[in-house]
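The next block holds one structure in the form of structure tokens; read it before the comments.
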Amino acid sequence: MLTRVERVLALKNIELFHDIPGEVLADIAALLEEETFEKGQYIVNEGDLGKEMYMIVKGEVEVVAGGNVVAVMKDGAGFGEMALIDSQPRSADIIAKNDVLVLKMESDDFLEILKQRDEVALGVIRVLTGRIRELNAKLAEKSGKKDK
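See the structure below:
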């Protein structure tokens, strides 16, 4: 089991929380639950309603959409925040590629933090904007056009 300090250090490695002050991370760390998954175990099922987000402390997961592996995530990556924000079903399966340790945050806690902490909300916006830019670049590449 991770100590509170280890949880704060793990949060610091997660893109969403890079720029968040340590004292805020300590408050967030107190809300998190640890979970472990074995190789091949489903962490998230495509189509399910999301009630929690996850942050990978150790290990790798595959993101599988429509039966195809579309990404591999490892230490420092987070997933599941989209379903918490828009209340839509999960957009992909997340499957443990090896033994995985995650920190899990429930939706009520996540939304409360977003309301109370502007810096966390800005972190979410930054991460989601980055994902949109990546998708735009992939679309431009497929269509043979460059992003202006």
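For what it's worth, my numbering labels the leading residue of the sequence shown as 1475, then goes sequentially.
Ideal placement from N, C-alpha and C gives every residue a C-beta, glycine not left out.
Just so it is clear, the structure is predicted and the values come from calculations on it, not from any experiment.
Check, Outcome
"Rounded Cβ spacing between residue 1577 and residue 1531 (contact assumed at less than 8 angstroms)", "6 angstroms"
"6 angstroms Cβ shell around residue 1628 - same chain, five flanking residues per side excluded", "Residue 1628 lies beyond the stretch modelled for the chain, which goes from 1475 to 1622, so this question has no answer here."
"Buried versus exposed call for residue 1445 [16 or more other C-beta atoms within 10 Å across all chains shown]", "Here the chain covers residues 1475 to 1622 and nothing more, so residue 1445 does not appear."
"Residue closest to residue 1551, alpha-carbon to alpha-carbon, out of 1618, 1561, 1606 and 1568", "1568"
"DSSP three-state assignment for residue 1567, whether helix, strand or coil", "strand"
"Range covered by the alpha helix (DSSP H) that runs through residue 1502", "1496-1503"
"Closer than 8 angstroms to chain D by CB, residue 1588", "Any reference to chain D falls outside this structure, which holds one protein chain only."
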